[in-house]
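*Asks:* When you number the sequence shown by the working numbering, it's gap-free, plus one each residue, and the end is 1177.
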Amino acid sequence: MVMKLSRRDRIKKGIRKRLSGSTARPRLSVFRSNKGIYAQIIDDVTGKTIVSASSLSKDFVASGTTKSDQSVAVGKLVAEKAIAAGIKDVVFDRNGYLYHGRIKSLAEGAREGGLNF
């Protein structure tokens, strides 16, 4: 367990070394837990979270029973909130996770919702 987390931390540091969100193009960061999935759009220049969504929030309506279906719905929800806030283009930060499964589902949901990355 510890080795898996330290591996993800090493990958995450390598990604964040190359990747940064600006005011014009903020960063879409994803966190995955066993129970839920979280996404937030961050402006790294000011260090503020602009928009956030998760599968455990009150405004989330479960659109499926599987975690992958929930990930797609969270992606669409974060995209809807971002477009309402005037954000169209983002940089995708997979946060050390492989671009596979729930992370990929969230990214596809965000693209369906209208975000470009």
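No residue lacks a Cβ here, since even glycine has one placed at the ideal position from N, Cα and C.
Would you mind working out which of 1125, 1160 and 1143 sits nearest residue 1115, comparing C-alpha positions?
*Replies:* The shortest C-alpha separation from residue 1115 is found at 1125.
*Asks:* For residue 1127 and residue 1169, what's the separation of their Cα atoms in angstroms?
*Replies:* Answer to the nearest angstrom: the Cα atoms are 13 Å apart.
*Asks:* Where do the ends of the beta strand (DSSP E) carrying residue 1095 lie?
*Replies:* First-last for residue 1095: undefined, no H or E at that position.
*Asks:* Only counting the same chain, and skipping five residues up and downstream in sequence, which positions put a Cβ closer than 8 Å to that of residue 1072?
*Replies:* Excluding sequence neighbours, residue 1072 sits near 1155 and 1156.
*Asks:* Can you find the residues in the same chain that come closer than 8 Å, C-beta to C-beta, to residue 1096, ignoring five residues on each side of it along the sequence?
*Replies:* 1114, 1115, 1116 and 1130.
*Asks:* With 16 other CB atoms within 10 Å as the buried threshold, where does residue 1078 fall?
*Replies:* Counting Cβ neighbours within 10 Å, residue 1078 comes out exposed, since fewer than 16 surround it.
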